[in-house]
Amino acid sequence: MLTRIDHIGIACFDLDKTVEFYRATYGFEVFHTEINEEQGVREAMLKINGTSDGGASYLQLLEPTREDSTVAKWLAKNGEGVHHIAFGTEDVLGDSEAIRGKGVRVLYDQPRTGSMGSQITFLHPKDCGGVLTELVTSHPEH
Ligand code: MC0
Numbered sequence: 006m007l008t009r010i011d012h013i014g015i016a017c018f019d020l021d022k023t024v025e026f027y028r029a030t031y032g033f034e035v036f037h038t039e040i041n042e043e044q045g046v047r048e049a050m051l052k053i054n055g056t057s058d059g060g061a062s063y064l065q066l067l068e069p070t071r072e073d074s075t076v077a078k079w080l081a082k083n084g085e086g087v088h089h090i091a092f093g094t095e096d097v098l099g100d101s102e103a104i105r106g107k108g109v110r111v112l113y114d115q116p117r118t119g120s121m122g123s124q125i126t127f128l129h130p131k132d133c134g135g136v137l138t139e140l141v142t143s144h145p146e147h
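Going by my numbering, the sequence shown opens with residue 6, and the numbers climb by one from there.
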């Protein structure tokens, strides 16, 4: 069951500059940074709120690390902005298979590693009203 918004992914050309915009404008601080080589991104997670059931919501700022990454491709076409939305679930594989059964393309057969040790998969934006949609099971520590 999808229980919350885990994060909103925002694509940018310059991660440090974008982090500074969110700090100076809204007061959001960086909670975590990492490079995800498989996804071709350098990212900063800004924690917006935490919940008592172990979930939290983040803004995820994404800068491409290579020109052939999906985010680089998207930036070249669209410029900076909202890239995807991610829903939190305790069972990313079970929920993605259920959604696949409704005719929506799931991009990975097995979940892959996302931010902070999470397990993630994506739904094709063309099957989701133009919204690239991610499902996330957080690492228990987050
Ligand atoms: C592409 N399209 C999008 C889109 N990306 N529409 C809405 N939002 C997006 N983000 C549209 C294009 O405009 C195009 O539409 C059509 O989908 C095909 O796109 P394409 O440019 O030809 O690219 P493809 O087909 O090679 O790849 C699209 C696909 C890819 C969604 C399959 O971007 C993908 O695998 N995304 C999932 C992985 C990902 O995005 N990782 C980065 C975040 P038209 O109408 O022109 O045909 S990593 C992340 O977020 C991790 C670290 C985490 O959360 O933990």
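Glycine included, each C-beta is placed from N, C-alpha and C at the ideal position.
Segment limits, beta strand (DSSP E) that includes residue i
| i | result |
| --- | --- |
| Y31 | Here Y31 belongs to no beta strand (DSSP E); instead the alpha helix (DSSP H) covers L20 to Y31. |
| D11 | L7 to A16 |
| H144 | Where H144 is concerned, there is no enclosing beta strand (DSSP E), given that its DSSP letter is neither H nor E. |
| E34 | Note, E34: premise wrong, no beta strand (DSSP E); not H, not E. |
Span of the alpha helix (DSSP H), counted from its first residue to its last, around residue i
| i | result |
| --- | --- |
| T75 | T75 to N83 |
| G99 | V97 to R105 |
Bridge partner(s) assigned by DSSP for residue i
| i | result |
| --- | --- |
| F127 | E139 |
| T118 | Q124 |
| L112 | According to DSSP, which records beta bridges pairwise, L112 is partnered with nothing at all. |
| E43 | Answer is none; E43 lacks a bridge partner. |
| F92 | I10 and L140 |
Cβ neighbour criterion (16 or more within 10 Å) applied to residue i
| i | result |
| --- | --- |
| H89 | buried |
| P145 | exposed |
| T118 | exposed |
| T30 | exposed |
Margin query: Measuring CB atoms only, is the stretch 92-103 touching the stretch 9-21, in the sense that at least three cross pairs come out at less than 8 Å?
Written below: Because the criterion of three Cβ pairs below 8 Å is met, the stretch 92-103 and the stretch 9-21 touch.
Note to self: I'd like to know if the stretch 43-62 and the stretch 105-115 are in contact, where contact means that at least 3 CB-CB pairs between them fall below 8 Å.
What the structure shows: No, because fewer than three Cβ pairs between the stretch 43-62 and the stretch 105-115 fall closer than 8 Å, the two stretches do not touch.
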